[in-house]
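In what follows, a structure is listed as structure tokens, so that the remarks can point back to it.
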Amino acid sequence: MYRLIRHWHHRDLRFLGVTGATLIFIALFLGTERPLLEAEGSSWRRIDQAAFQQRLQRGDLSGREAQWYHPAQAVEGNSKTSGPAP
Amino acid sequence: MTEVVCELCPRECRIPEGGAGDCRVRVNIDGKLRATTYGRPSAIHVDPMEKKPLYHFRPGSPVFSIATAGCNLHCLNCQNWQLSQRGGEEMEQIYHLDPPELISMAMAQGCESIAYTYSDPVVFYEYVHDSSELAHQSGLRNVFITAAYINQKPLHRLCRLLDASNTDLKAFDDRFYRETNGASLQPVLNALVTLREEGVWLEVTNLLIPTLNDDLAMIRRMAKWIRRELGEQTPLHFSRFQPQYRMRNLPATPTETLDRARREAMDAGLHYVYVGNVFGHEGNSTYCPTDGTLLIQRVGYHITEYNLTEDGRCPHCKQSIAGVWQ
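From first to last, the protein sequence lines are chains A and B.
Counting from 2, one number per residue, gives the positions in the first sequence under my numbering.
Counting from 21, one number per residue, gives the positions in the second sequence under my numbering.
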């Protein structure tokens, strides 16, 4: 009986360890990743390229250059530049 | 592969080539960010100014109202989600209306103003900017109906072209903004202060959703903030929620909740507090803050009685009523 309990205890500890690590991982993901998405704006979207190009060529969408942006590299190189003059 | 960082709104999306910003309509093509809905509205209507709602800005005048696809907020209760939560390539209806044509059409319809509205005009910023410049040259006014989730520099540049704004303050609670709108509160507060400082005629709308943002203590804090930062003359509209889009689990706002909110805001010192989306409610009308005289009676979007003097005063006590009346 004692050996059975000890055996069970050993397996359970391993299981609890894996479960705990998973929960911590999930908590870290929810706690840090989501605010990062909101604050730092990594929330870009994929678009349907075929439909987009078709509408663009037909003139239903505009190719006008936007104001208020900069190439990402400029920031990484610590030499932030404006995009086209707004 | 050149990634770009959009600086227009507080999200500051980092967009790889071929991708769009969170708003769906600002697209990175070959390393340049493109405003894909420039001159391509998907909604065009002539509305009364009261529908915006703007109650202290040229009341009763027709306003040419446009919107394109896309939005930088993702409100669970959005009433224009077919427009706002889609990219340009997903729209069935797209009009070709570059700024000069827009101005001509607005004037042909007898409109005195253009409203950038329905979705959020922040995401078609360049279209608003260029159209607004032309509108002013043609003697038209510009009205910006927005959630004001925009960075300060672009807003400052736009303000000189704007005549009026109704700005949504969705709740006085950052958690509500994050969970219900996918945004945050502080940039909106900053934008409201900027609009006021830049001299844009400003009215504020707060949609009251049962159990989510109808707490009277929060409403009191919001009203006090508006009084302190924007002024006691700032009209505040409490609007009734209707269940729709992804928020069908909650009932429409009871009229009693709107009444209580209105009383609370008036007790906090705001002079003009309205109730919206409730047909025939006494809170649709404008009263003199000094003697309570009925100044403008509204039923729905219609003005049924207008008692202001020509220079915008109460006919009895001669109190000047804040607004743009001419």
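Every residue, glycine too, gets a C-beta built ideally from N, C-alpha and C.
Do you know offhand how far A:A52's Cα is from B:R106's?
-> 13 Å
Beta-carbon neighbours of A:G174, restricted to chain B and to distances below 8 Å = With chain A covering 2 to 87 only, the question about residue 174 of chain A has no answer from this structure.
Could you tell me if B:K338 is buried or exposed, where buried requires 16 or more neighbouring beta carbons within 10 angstroms of its beta carbon?
-> exposed
Compare the C-beta of B:R180 with all C-beta atoms of chain A and state if any pair is closer than 8 Å.
-> no
Entirely within the segment 140-213 of chain B and at least 4 residues each: give me those alpha helix (DSSP H) ranges in chain order.
-> 145-157 and 172-179
Can you tell me whether B:N269 is buried or exposed, with buried defined as 16 or more other CB within 10 angstroms of its CB?
-> exposed
Which listed residue (B:G159, B:G38, B:L205 and B:L212) has its alpha carbon closest to that of B:L256 | B:L212
Classify B:E146 as buried or exposed, calling it buried when 16 or more other Cβ atoms lie within 10 Å of its own Cβ.
-> buried
Three-way DSSP call (helix, strand, coil) for B:Q264 in this model = strand
Flag this pair as yes or no: are the beta carbons of B:Y115 and B:R60 separated by less than 8 Å?
-> yes
Cβ-Cβ separation, B:D140 to B:S85 (assumed contact under 8 Å), whole Å = About 13 Å; that fails the 8 Å criterion.
List the residues of chain B that A:I48 touches, going by C-beta distances under 8 Å, in chain order.
-> G38, G39, A40, R44, V47, G107 and E109
B:T57 versus B:D183: straight-line alpha-carbon distance, rounded = 23 Å
According to a CB-to-CB cut-off of less than 9 Å, which residues of the segment 64-76 of chain A neighbour chain B?
-> G64, R65, E66, A67, Q68, W69, Y70, H71, P72, A73, Q74, A75 and V76
Quick one: is A:F53 near chain B, going by C-beta distance under 8 Å?
-> yes
Of the residues B:C29, B:A243, B:V298 and B:T329, the one placed nearest B:P174, counting alpha carbons only = B:C29
Can you give the beta carbon distance from B:S204 to B:D194, rounded, assuming they're within the 8 Å contact cut?
-> 6 Å
To the nearest angstrom, report how far apart B:A272 and B:L227 are at their CA atoms.
-> 11 Å
State buried or exposed for A:I25, treating a residue as buried only when at least 16 other CB atoms are found within 10 Å of its CB.
-> exposed
Can you tell which of B:G289, B:L122, B:Q172 and B:V143 has the C-alpha that lies nearest to the C-alpha of B:A155?
-> B:L122
Mind checking B:S158: buried by the 16 CB within 10 Å criterion, or exposed?
-> exposed
Three-way DSSP call (helix, strand, coil) for B:S133 in this model | strand
Inter-residue Cα distance where the pair is B:I323 and B:T306 = 11 Å
Can you tell which of B:P73, B:W221, B:M242 and B:R31 has the C-alpha that lies nearest to the C-alpha of A:W69?
-> B:R31
Reference B:A237, options B:N297, B:W345 and B:R283, closest by Cα = B:R283
Relative to chain A, which residues along the segment 53-68 of chain B have a C-beta separation below 9 Å, given in chain order?
-> L53, R54, A55, T56, T57, Y58, G59 and R60
Hey, does B:P120 have any beta-carbon neighbour from chain A nearer than 8 Å?
-> no
Closest residue to B:T166 among B:I246, B:R44, B:L74 and B:V66 (Cα-Cα distance) | B:L74
3-residue-minimum beta strand (DSSP E) runs that sit fully inside the segment 28-66 of chain B, ordered along the chain = 46-49 and 52-55
So what's A:V19 in DSSP terms, helix, strand or just coil?
-> helix
With C-beta atoms as the reference, is B:L278 less than 8 Å away from B:V298?
-> yes
Can we say the segment 64-78 of chain B touches the segment 41-49 of chain B, given the rule of at least three CB pairs closer than 8 Å?
-> no
Examine chain A for any beta-carbon lying closer than 8 Å to the beta-carbon of B:L103, and answer yes or no.
-> no
Comparing alpha-carbon positions, which option in B:A55, B:R247, B:G303 and B:P230 lies nearest B:P274?
-> B:P230
Which two residues bound the contiguous alpha helix (DSSP H) that contains B:I246?
-> L236 to E249
Between which two residues does the alpha helix (DSSP H) harbouring B:P119 extend?
-> P119 to A128
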